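Chains as they are written, first to last, in our numbering: chain A, 6 to 292; chain B, 18 to 381.
Report on the structure given below.
The following block contains the structure:
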């Protein structure tokens, strides 16, 4: 609040200060994006003939569509795993003492403090044929031949879920922390069991956090080039790697650009669905 | 009316609670509340009154003792099966549910169908005089309205006991009186046994049939408002409830009903032994309320010098310094023309009656 009664509109300050960042974005984000769009609207690799051929090619090619589909599915699976595993952690965080809170937040943040490459290689060590899981199960006599964990969808989902977990847990912790603990007690004193309290009170009020967490996790999971490629290996192909192959290996820049634009639109659709849900849930007040 | 089921009794039987650290929160509390009574749990913050409320509601399991509601020992029951209605200090309305859904929440938990719930919610909202608010969200209501909704929500489950946690603390002064009247009215309609937790003595004395004064986790006194105010059993009650002058002295002679005390301020007075048996020669603290002191013209009472006089509307308060250097306050009703006392005037003071001076054994 300004002390002067006739203080200027606060928005008039911000614009000038945001200019450097805006210029940076204009040159290094908006301009390349427009260039990408321009490139994708050409039918030949030399980008001489205008046309929608690249888009038609992608949308009529079953292989390309299956890559897109499996990428979006991967994102959904990782998001689901993160939500199911992250919610209890966030819930627990709000109900333990300060010392345990520190430990939980440390565990949650730890993945962010190590490089993605290191974490992914750790998962290779864990999931590999001679990895920790297989070695343990074999020495216990539970299995005879090693399980195939690496280079599978399952492996990619597990590794991505661990890597992206903070993106889910942190918004959830914030959202759950905003809920008045008295509401829990009020619900309970009115005769509701813990399940009803969770479904009717805690879950709806934490929805803004759920949606923020899901959006972040989803966007991060489907674009996680390193983890997808290293854990998925050669057999599993997702959009980032597909794009990379077209651009880098095959030098087919217009097609790679078209893939980017389609991928971008697909992600935008999913994210806007999430944010629409978020806007609806904001009607709940969020406290 | 459906609520008029007569309140159930509540017995707090030798309840003690220790924090995990080992510190005592409440110690050996005994309360025997008759069905339909309004009881105030009065005490300064940190005295354990909220802990006791949470024990009765079932949110805290006490270390020792029993809670008995009606004929049932409820210690083994979780809060959602005790049928105890609570109005929280911040109301704790569910912000994402409409007023009607808030009021009907407890009924939904009991599996009652939607049409009945809405009908019942509407009836209760009429009871708390908010019939037109059913479809609004809590944040669209004022503080006083939110509290009425919280009351309706708690009453909807037809609770055996109603617990109110600092119900008027968040309201401004005018609204506070309205809500006190409102709660009294609802209590008359429903006849529900009601426990009000408060740190405000006026609230406790005006609302409650009986007041339980808590200090440092112990029950200091449990009695009617006039018992607590006029016949305090402990020094703590005497000084916490109402204001009081504390005057040290020595017992000259004492029996069960009266004690002759020589005040350090320099007078012999007759006082009521309030906190148990007094022994001759023992040190005592005599409590006399400002309104129970009078100026006397003869040589009885103790001498003092007027420091300043504060006209507070209906009363005038004089601050008097006694011979031993301690200050006492004297409150005079403003009848006709009040004597204007000049600063530095020599006066003599005496209690209005022996029963209005309470002598407690001095604790060191």
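Virtual Cβ for every residue (Gly too), placed ideally from N, Cα, C.
Being a predicted model, the structure only gives us computed values, none of them experimental.
Spatial distance of residue i from residue j (CA atoms)
i	j	result
residue 289 of chain B	residue 266 of chain B	13 Å
residue 94 of chain B	residue 26 of chain B	17 Å
residue 278 of chain A	residue 90 of chain B	52 Å
residue 176 of chain B	residue 101 of chain B	5 Å
residue 367 of chain B	residue 223 of chain B	29 Å
residue 132 of chain A	residue 121 of chain A	16 Å
residue 151 of chain B	residue 207 of chain B	22 Å
residue 370 of chain B	residue 309 of chain B	8 Å
residue 129 of chain A	residue 171 of chain A	21 Å
residue 182 of chain B	residue 106 of chain A	29 Å
residue 245 of chain A	residue 269 of chain A	11 Å
residue 148 of chain A	residue 136 of chain A	14 Å
residue 20 of chain B	residue 212 of chain B	Note that residue 20 of chain B has pLDDT 40, beneath the 50 cutoff, so the model's placement of it is unreliable and no number is given.
residue 104 of chain B	residue 186 of chain A	14 Å
residue 340 of chain B	residue 163 of chain B	54 Å
residue 70 of chain A	residue 260 of chain A	14 Å
residue 195 of chain B	residue 26 of chain A	56 Å
residue 178 of chain B	residue 33 of chain B	21 Å
residue 179 of chain A	residue 35 of chain A	32 Å
residue 47 of chain A	residue 243 of chain A	24 Å
residue 21 of chain A	residue 169 of chain A	35 Å
residue 193 of chain B	residue 279 of chain B	44 Å
residue 33 of chain A	residue 248 of chain A	20 Å
residue 31 of chain B	residue 114 of chain A	48 Å
residue 56 of chain B	residue 48 of chain B	10 Å
residue 360 of chain B	residue 336 of chain B	9 Å
residue 188 of chain B	residue 174 of chain A	37 Å
residue 64 of chain B	residue 271 of chain B	33 Å
residue 265 of chain A	residue 229 of chain A	14 Å
Beta-carbon neighbours of residue i, restricted to chain A and to distances below 8 Å
i	result
residue 103 of chain B	190, 191, 194
residue 174 of chain B	195, 196
residue 96 of chain B	190, 193, 194
Residue i vs residue j beta-carbon contact at 7 Å
i	j	result
residue 2 of chain B	residue 196 of chain A	With chain B running from 18 to 381 in the structure shown, residue 2 of chain B is simply not present.
residue 99 of chain A	residue 263 of chain A	no
residue 2 of chain A	residue 164 of chain A	There is no way to answer for residue 2 of chain A, as the model of chain A reaches only from 6 to 292.
residue 102 of chain A	residue 156 of chain A	no
residue 302 of chain B	residue 248 of chain B	no
residue 246 of chain B	residue 230 of chain B	no
residue 166 of chain A	residue 272 of chain A	no
residue 147 of chain B	residue 134 of chain B	no
residue 217 of chain A	residue 80 of chain A	no
residue 228 of chain B	residue 373 of chain B	no
residue 312 of chain B	residue 283 of chain B	no
residue 117 of chain B	residue 132 of chain B	no
residue 110 of chain B	residue 119 of chain B	yes
residue 304 of chain B	residue 261 of chain B	yes
residue 180 of chain B	residue 70 of chain B	yes
residue 321 of chain B	residue 364 of chain B	yes
residue 220 of chain B	residue 253 of chain B	no
residue 276 of chain B	residue 268 of chain B	yes
Residues bridged to residue i [DSSP beta-bridge criterion]
i	result
residue 285 of chain B	B:279
residue 311 of chain B	B:367
residue 55 of chain A	A:47
residue 335 of chain B	B:326, B:347
residue 81 of chain B	B:33
residue 240 of chain B	B:228
residue 305 of chain B	B:262, B:374
residue 80 of chain A	Answer is none; residue 80 of chain A lacks a bridge partner.
residue 101 of chain B	B:178
residue 300 of chain B	B:267
residue 65 of chain A	None; residue 65 of chain A has no bridge partner.
residue 48 of chain B	B:29
Interface residues of chain A facing residue i [CB-CB closer than 9 Å]
i	result
residue 170 of chain B	191, 195
Within chain B, the residues that residue i reaches when beta carbons sit closer than 7 Å
i	result
residue 201 of chain A	126
residue 187 of chain A	105, 107, 109
**Prompt:** Quick one, which residues of the stretch 106 to 127 of chain B are near chain A if we go by CB-CB under 9 Å, in chain order?
**Reply:** 106, 107, 108, 109, 110, 111, 112, 113, 114, 122, 123, 124, 125, 126, 127
**Request:** Identify each residue in the stretch 205 to 221 of chain A for which the Cβ-Cβ distance to at least one residue of chain B is less than 8 Å, and report them in chain order.
**Result:** Within the stretch 205 to 221 of chain A, the qualifying residues are 205, 206, 209, 210.
**Asked** What residues in the stretch 70 to 90 of chain B have a beta carbon less than 9 Å from any beta carbon of chain A?
**Response** Going along the stretch 70 to 90 of chain B in chain order, one finds 71, 74, 75, 76 with a Cβ nearer than 9 Å to chain A.
**Item:** Contacting positions in the stretch 37 to 52 of chain A - beta carbon closer than 9 Å to chain B
**Value:** none
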